[in-house]
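Protein chains: 2
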Amino acid sequence: MSTEPSTTADPHEVLGYLLKHATLKLTALTDAALEQLGIDSKDFGALRVLAHQEPASQLQVAQTLGIDRTTMVALLDVLERKGIVTRRPDPTDRRRNVVELTEQGMQTYEAARVAYGKAESAFLAAISPNATDQLRQTLRTLLEN
Amino acid sequence: MSTEPSTTADPHEVLGYLLKHATLKLTALTDAALEQLGIDSKDFGALRVLAHQEPASQLQVAQTLGIDRTTMVALLDVLERKGIVTRRPDPTDRRRNVVELTEQGMQTYEAARVAYGKAESAFLAAISPNATDQLRQTLRTLLEN
DNA sequence: GTCTGATCGTCAGTAGTACTGACGATCAGA
DNA sequence: TCTGATCGTCAGTACTACTGACGATCAGAC
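From first to last, the protein sequence lines are chains B and G.
All residue numbers in the first sequence are consecutive under full-length UniProt numbering, ending with 145.
All residue numbers in the second sequence are consecutive under full-length UniProt numbering, ending with 145.
In structure tokens:
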């Protein structure tokens with residue numbers, strides 16, 4: 001029985017199922033919470049990066065988020081059209097765009113931070129703060145390899 | 001500071017990021033492990049259900065997996081074309097299709113079970129068996145709500 | 001200074017995923 | 001027998017995120 005972990009009949013025991021559906025559920029909750037601000041959880045990820053490590057190039061933000069740089073283009077297009085971020089050429093390297101939050105963008109981020117926090121707390125309500133920390137730590141370890 | 005959980009600068013602390021990328025990593029590992037068998041982790045999920053609760057209708061399988069019944073059609077089309085499953089009308093309710101593993105399908109499932117188990121073990125190698133159980137339990141609780 | 005290869009942002013095209021809405025066939029209850 | 005609901009199917013759609021190619025720009029070798 002060298003394959004114990006995957007022999008159970010209940011698909012809800014399979015790690016892949018659990019991880020995928022936990023992701024879907026959390027995303028649905030946070031998207032709903034952020035909707036009134038005109039952004040979703042994906043946008044919020046970018047705002048978070050920009051709020052804490054600006055000025056950053058598009059590529060830096062994309063790499064931090066783990067998405068492709070071509071995907072970043074469309075994401076920023078939307079945020080720029082909404083007046084949340086600005087793009088301007090980096091004077092020290094004109095291949096790059098410096099991406100920054102606007103004044104309105106910072107206000108949106110602050111409101112989004114509260115909304116996101118509430119949604120995440122609601123998602124985690126069923127488990128203890130201790131289990132939450134443990135979950136974060138475990139996932140971080142699994143990703144570091 | 002009622003929003004503590006989401007105020008950290010590092011996006012890798014955000015639960016959404018951690019869950020999403022853990023899912024992606026595990027899926028990549030298991031897809032690679034199953035590739036030689038001609039199936040992916042999504043197919044394996046269906047096989048697992050069929051192996052343990054047949055005979056089942058397409059809808060039952062879809063609901064167990066948490067996917068739409070229209071998505072199930074295409075998934076089974078592929079598996080049927082590969083000779084892994086068969087569909088036939090349920091004699092007791094001819095709206096339904098009874099879906100079963102073929103002999104070859106059972107052999108594929110057994111091989112897939114081993115391959116999947118190895119990939120999942122590799123994914124979990126960095127954490128203790130105890131932490132693995134804890135992770136499963138936590139995710140299950142979060143999904144039950 | 002000039003060349004060469006690499007980098008960045010952009011865009012068109014593409015592939016994968018999973019949905020909505022509609023349909024015919026079938027079932028169950030009034 | 002009728003009526004509303006269910007199941008599988010299919011076309012169409014929306015979304016996501018990729019690959020590949022392009023021009024502009026940079027950095028290092030010479």
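By construction, the Cβ of each residue, glycine as well, lies at the ideal position given by its N, Cα and C atoms.
Minimum length 4: unbroken alpha helix (DSSP H) runs contained in the UniProt domain "HTH marR-type" (12 to 144) of chain G: 15 to 34, 41 to 53, 58 to 65, 69 to 81, 103 to 124 and 129 to 144
Please tell me whether residue 62 of chain G has its Cβ less than 8 Å away from any Cβ of chain B. Within the second sequence, residue 62 of chain G is the residue found at index 62, counting from 1. No, residue 62 of chain G lies away from the interface with chain B (no Cβ there is under 8 Å from its Cβ).
Is residue 83 of chain B closer than 8 Å to residue 150 of chain B when the C-beta atoms are compared? The structure shown does not extend to residue 150 of chain B, since chain B is modelled only from 1 through 145, so no value can be given for it.
Here's the rule I'm using: 16 or more other beta-carbon atoms within 10 Å means buried, otherwise exposed. How should residue 120 of chain B be labelled? Position 120 of the first sequence holds residue 120 of chain B. Counting Cβ neighbours within 10 Å, residue 120 of chain B comes out buried, since at least 16 surround it.
Contacting positions in the segment 96 to 126 of chain B - beta carbon closer than 8 Å to chain G: Within the segment 96 to 126 of chain B, those residues whose Cβ lies closer than 8 Å to any Cβ of chain G are, in chain order, 113, 114, 116, 117, 118, 120, 121, 123, 124 and 126.
Are three or more beta carbon pairs between the segment 93 to 107 of chain G and the segment 20 to 27 of chain G nearer than 8 Å? no
Which residues of the segment 21 to 44 of chain B have a Cβ closer than 7 Å to any Cβ of chain G? Give them in chain order. 21, 22, 23, 25, 26, 27, 30 and 41
Taking the alpha carbon of residue 124 of chain G as the point to measure from, which residue in B:25, B:102 and B:141 has its own alpha carbon closest? Sequence index remark: in the second sequence, residue 124 of chain G carries index 124 (1-based). Nearest option by C-alpha distance: B:141.
Can you pull the chain G neighbours of residue 71 of chain B, defined as C-beta to C-beta under 8 Å? As a first step, residue 71 of chain B must be located in the first sequence, where it is residue number 71. Residues of chain G passing the Cβ test: none, with the nearest at roughly 14 Å.
C-alpha distance - residue 71 of chain B paired with residue 36 of chain B, whole-angstrom precision: Counting from one through the first sequence, the residue named residue 71 of chain B turns up at place 71. Counting from one through the first sequence, the residue named residue 36 of chain B turns up at place 36. Straight-line Cα distance between these residues: approximately 24 Å.
Can a CB atom of chain G be found closer than 8 Å to the CB of residue 145 of chain B? In the first sequence, residue 145 of chain B corresponds to position 145, counting from 1. Yes, contact with chain G.
Near-chain B residues of the segment 132 to 144 of chain G - C-beta to any C-beta below 9 Å: Taken in chain order, the members of the segment 132 to 144 of chain G whose beta-carbon sits within less than 9 Å of a beta-carbon on chain B are 132, 134, 135, 136, 137, 138, 139, 140, 141, 142, 143 and 144.
What is the C-beta distance between residue 50 of chain G and residue 15 of chain G, in whole angstroms, given that I count them as a contact (C-beta under 8 Å)? The residue labelled residue 50 of chain G in the question sits at position 50 within the second sequence. The residue labelled residue 15 of chain G in the question sits at position 15 within the second sequence. Contact flag wrong, Cβ pair sits at about 33 Å.
Own chain, CB closer than 7 Å to residue 122 of chain B, minus 5 neighbours either side, in chain order: For this step, residue 122 of chain B is matched to residue 122 along the first sequence. Contacts found: 29.
At 8 Å on the CB atoms, spell out the chain G contacts of residue 76 of chain B, in chain order. Start at 1 with the first residue of the first sequence, and residue 76 of chain B comes out as number 76. By Cβ distance, chain G contributes nothing, its closest Cβ being about 16 Å from residue 76 of chain B, past 8 Å.
According to the neighbour-count rule (16 or more other Cβ atoms, all chains shown, within 10 Å of its Cβ), is residue 48 of chain G buried or exposed? Looking up residue 48 of chain G in the second sequence gives position 48. It is buried - the Cβ of residue 48 of chain G has at least 16 other Cβ atoms within 10 Å.
Could you name the residues of chain B that residue 47 of chain G contacts, counting a contact when the two beta carbons are closer than 8 Å? Position 47 of the second sequence, counting from 1, holds the residue named residue 47 of chain G. Ordered by position in chain B, no residue passes the 8 Å Cβ test against residue 47 of chain G, which lies about 10 Å from the chain.
Once the 5 residues before and after residue 25 of chain B are set aside, which same chain residues still bring their CB inside 8 Å of it? As a first step, residue 25 of chain B is located in the first sequence; it is residue number 25 there, counting from the start. Cβ within range, chain order: 123.
Closest residue to residue 39 of chain B among B:85, B:66, B:126 and B:127 (Cα-Cα distance): As a working note, residue 39 of chain B is residue 39 in the first sequence. Measuring from the Cα of residue 39 of chain B, the nearest candidate turns out to be B:85.
Check the Cβ of residue 19 of chain G against every Cβ in chain B and list those closer than 8 Å, keeping chain order. Along the second sequence, read from residue 1 onward, the residue named residue 19 of chain G stands at position 19. Going along chain B in sequence order, the residues near residue 19 of chain G (Cβ under 8 Å) are 19, 22, 23, 26 and 139.
Excluding the 5 residues flanking residue 68 of chain G on each side, which residues of the same chain have their C-beta closer than 8 Å to its C-beta? Counted from its first residue, the second sequence places residue 68 of chain G at position 68. Excluding residues within five positions, the ones whose Cβ falls inside 8 Å are 62.
For residue 46 of chain G, tell me which candidate among G:134, G:64 and G:131 has the shortest Cα-Cα distance. For this step, residue 46 of chain G is matched to residue 46 along the second sequence. Relative to residue 46 of chain G, the option among G:134, G:64 and G:131 whose CA is nearest is G:64.
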